[in-house]
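*Asks:* Sending over a structure as structure tokens; questions will come in a sec.
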Amino acid sequence: MANAYLPHLLGFGVLGLAVAVLTVANVVSGAVVAGFRAIGILKSLGFTPRQVVAVHLTAVLVPAAAGSLLGVTTVTLAAGLAATLTAFGKAVQGTADAVVYAGRAARGETTPEQGDEETEALLRSLPGAADVVALAWLDLYLAGDPQRIQVQFIRGE
1 MANAYLPHLL GFGVLGLAVA VLTVANVVSG AVVAGFRAIG ILKSLGFTPR
51 QVVAVHLTAV LVPAAAGSLL GVTTVTLAAG LAATLTAFGK AVQGTADAVV
101 YAGRAARGET TPEQGDEETE ALLRSLPGAA DVVALAWLDL YLAGDPQRIQ
151 VQFIRGE
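Numbering (the UniProt record's numbering), first residue to last: 1 to 157.
Rendered as structure tokens:
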């Protein structure tokens, strides 16, 4: 299912990268056009063309490096969070896919034809069955306590 989205994600990633490159190129060219006066001042002070380019590249690359560092840190943390949430989702997924209730004839329900062991063996033989657990809720009264409590009993893996 996730592989169906991969071409779309790749397309949006390439599109985002192209927009980022065009934006950076536009900002740099705008800075050069806006800085004609500053370039003229630097040249009149004796700067060589290479030094003028170095000044402009430094003015552009310092914020870009800070933004890149912040972006890489954010993506690393987000990827770790996504991996944790995915692992949690996979761990929780499928813990109670099917529930089989065994009735009692006393309550007007169907009498089970098989015992507990046979029913558990039948459920374990189903394809994809990972865990089979027998579970029972009973109303109990503790000695000396007038209120009843519900207790859950679990047998199985």
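Glycine included, C-beta positions come from ideal geometry on N, C-alpha and C.
Pull up the CB-CB distance for LEU42 and VAL52, whole angstroms please, since I reckon it's below 8 Å.
*Replies:* About 5 Å separates the two Cβ atoms, so the contact holds.
*Asks:* What whole-angstrom Cβ distance do LEU138 and ILE154 have, given they're in contact under 8 Å?
*Replies:* 12 Å between Cβ atoms; not a contact.
*Asks:* Taking only the alpha-carbon atoms, compute the straight-line gap between VAL19 and GLY40 and give it to the nearest angstrom.
*Replies:* VAL19 and GLY40: Cα-Cα distance of roughly 31 Å.
*Asks:* Is the Cβ-Cβ distance between VAL21 and VAL60 less than 7 Å?
*Replies:* In this structure, VAL60 does not lie closer than 7 Å to VAL21 by Cβ.
*Asks:* Quick one: residues in its chain with C-beta nearer than 7 Å to the C-beta of VAL33, no 5 flanking neighbours on either side, listed in chain order?
*Replies:* Nothing meets the Cβ criterion.
*Asks:* Reducing DSSP to helix, strand and coil, say where VAL53 ends up.
*Replies:* Here VAL53 sits in helix by DSSP.
*Asks:* To which residues does DSSP link PHE153 through a beta bridge?
*Replies:* PHE153 is bridged to ALA136.
*Asks:* Tell me ARG148's beta-bridge partners as DSSP assigns them.
*Replies:* Its beta-bridge partners are TYR141.
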